[in-house]
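Please read the structure below before turning to the comments.
Residue numbers (the working numbering): 3 to 394.
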């Protein structure tokens, strides 16, 4: 009778990455943070955060994305969407430290746009972005090879969403493209179609499709989806040549959860409700909504809404809940579009213990979790960002 021998099985790099035991510097996925964090239940966390921020004074500038927890937003000097915050960081050259309470790609953009003397800190390196993860530099380079073989690369202009890694922004800059946000995607696509015949839109297929079809008048048949996990993107050369929009197969894990059933259910439950969704939602959801707009658009729409109005909002829950509390006194009923709780799990990794740890480390003269984009990548990424800033 033979004795079974133990198998010599080694975990793959991807398995280690998913378990948080390994790092990939070219990916949005983060790793464990070094150092000791305060306990989440520590009742003195708020006082400690205030004390550390006061000691640092104007040396530190804290940025808070709209999707952050309330406990973090409380200590933000400025709140906003990803690009607004990166620009705000660049407008504070006197701040030695930029503490970015957002996710990895946002901190990268801040590092690209700020001076070399400024240091950008991300309180938790594991605060990544699932959408940005869906387009790796090697995959996009392979896609460009496919477009080249199909004979269309020279007439294709890449347009990359702000929600992408520095590597993807650099690719975009190298190939004559531009970055866009959810609020200026139409202008970016109009510019791109003046520069070329086709657009490669990265990495969110829904924002690309919604903008091209609903705002530029293209048909859904003008759009094809490139799947990086299939040979040739899962497309024939003829399909690529016939398409106007080549959409990367990526999506937002938060906005992608909203469904047409969500819209129907909320209309039945709340008569007279206005459904307002983010353009990262799926096409059928956007088509069924009353209004569509970026995070900043959503906030402004609710600010301008009349008292007594009812709204169902299709975006991240932290923001929706904050807006509901803010406008309750004005008798505006604001609800989350779906009954299922839907936080941005990676954004929520930035919590008060991580923020306190980052601030107290700076007080002690230690810069933790610094985000640095290498000079070559930053140079081309900045070209793409500057093209966006130059859009009319």
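The beta-carbon is built from N, C-alpha and C at its ideal position, and this holds for glycine as well.
With H, G and I counted as helix, E and B as strand and the rest as coil, what does DSSP make of residue i?
{"i": "residue 382", "result": "helix"}
{"i": "residue 145", "result": "helix"}
{"i": "residue 138", "result": "coil"}
{"i": "residue 404", "result": "Outside the modelled stretch of the chain, which goes from 3 to 394, sits residue 404, for which no answer is possible."}
{"i": "residue 154", "result": "coil"}
{"i": "residue 372", "result": "strand"}
{"i": "residue 116", "result": "coil"}
{"i": "residue 276", "result": "strand"}
{"i": "residue 63", "result": "strand"}
{"i": "residue 334", "result": "coil"}
{"i": "residue 256", "result": "coil"}
{"i": "residue 102", "result": "strand"}
{"i": "residue 247", "result": "strand"}
{"i": "residue 232", "result": "coil"}
{"i": "residue 180", "result": "strand"}
{"i": "residue 162", "result": "strand"}
{"i": "residue 70", "result": "coil"}
Exposed or buried, what is residue i when buried is set at 16 or more other beta-carbons lying within 10 Å of its beta-carbon?
{"i": "residue 61", "result": "exposed"}
{"i": "residue 151", "result": "exposed"}
{"i": "residue 221", "result": "exposed"}
{"i": "residue 28", "result": "Unreliable positioning characterises residue 28 in this predicted model, as indicated by a pLDDT of 49, which lies under 50. The coordinate reading is nonetheless provided below. Exposed, since its Cβ has fewer than 16 Cβ neighbours within 10 Å."}
{"i": "residue 70", "result": "buried"}
{"i": "residue 30", "result": "Legend: pLDDT at residue 30 = 49, less than 50; position of this residue unreliable, no value from coordinates given."}
{"i": "residue 113", "result": "buried"}
{"i": "residue 200", "result": "buried"}
{"i": "residue 355", "result": "buried"}
{"i": "residue 32", "result": "In this predicted model, residue 32 has a pLDDT of only 46, less than 50, meaning its place in the structure is not dependable; the value taken from the coordinates is given anyway. Flag for residue 32 reads buried."}
{"i": "residue 162", "result": "buried"}
{"i": "residue 264", "result": "buried"}
{"i": "residue 157", "result": "exposed"}
{"i": "residue 302", "result": "exposed"}
{"i": "residue 247", "result": "buried"}
{"i": "residue 296", "result": "buried"}
{"i": "residue 147", "result": "exposed"}
{"i": "residue 334", "result": "buried"}
{"i": "residue 316", "result": "buried"}
Return the chain-ordered list of same chain residues with a C-beta closer than 6 Å to the C-beta of residue i, the five sequence neighbours on each side being excluded.
{"i": "residue 104", "result": "67"}
{"i": "residue 121", "result": "99, 369, 372"}
{"i": "residue 431", "result": "Within the shown structure, residues of the chain are numbered from 3 to 394, placing residue 431 beyond reach of any answer."}
{"i": "residue 382", "result": "172, 175, 176"}
Looking at the secondary structure, which residues open and close the alpha helix (DSSP H) in which residue i lies?
{"i": "residue 287", "result": "285 to 290"}
{"i": "residue 360", "result": "354 to 365"}
{"i": "residue 207", "result": "207 to 212"}
{"i": "residue 282", "result": "No alpha helix (DSSP H) holds residue 282; DSSP gives it neither H nor E."}
{"i": "residue 56", "result": "47 to 58"}
{"i": "residue 304", "result": "297 to 306"}
By the DSSP assignment, the beta strand (DSSP E) with residue i in it spans what residues?
{"i": "residue 197", "result": "Segment 187 to 197 is the alpha helix (DSSP H) holding residue 197; no beta strand (DSSP E) there."}
{"i": "residue 82", "result": "80 to 82"}
{"i": "residue 322", "result": "Where residue 322 is concerned, there is no enclosing beta strand (DSSP E), although the alpha helix (DSSP H) it sits in stretches over 319 to 329."}
{"i": "residue 203", "result": "200 to 204"}
{"i": "residue 121", "result": "121 to 123"}
{"i": "residue 316", "result": "312 to 316"}
Quick one: what's got a C-beta closer than 7 Å to residue i's C-beta in the same chain, skipping five residues either side?
{"i": "residue 357", "result": "51, 74, 77, 103, 125"}
{"i": "residue 351", "result": "126, 128, 129"}
{"i": "residue 331", "result": "none"}
{"i": "residue 142", "result": "170, 173, 204"}
{"i": "residue 254", "result": "133, 206, 282"}
{"i": "residue 293", "result": "276, 278, 303"}
For residue i, which residues from the same chain have a beta carbon less than 8 Å from its beta carbon, with the 5 sequence-adjacent residues on both sides left out?
{"i": "residue 197", "result": "159, 178"}
{"i": "residue 213", "result": "187, 188, 191, 281"}
Is the CB of residue i under 8 Å away from at least one CB in chain C?
{"i": "residue 132", "result": "Protein chains in the displayed structure number just one, and chain C is not present."}
- Query: Can we say the region 48 to 60 touches the region 81 to 89, given the rule of at least three CB pairs closer than 8 Å?
  - Reply: Result no; under three Cβ-Cβ pairs closer than 8 Å.
- Is the region 275 to 289 in contact with the region 225 to 243, if contact means three or more CB pairs nearer than 8 Å? No, they do not touch.
- Are the region 126 to 141 and the region 162 to 178 touching, with three or more C-beta to C-beta distances below 8 Å? yes
- Could you tell me whether the region 175 to 190 touches the region 379 to 394, using the rule of 3 or more Cβ pairs below 8 Å? yes
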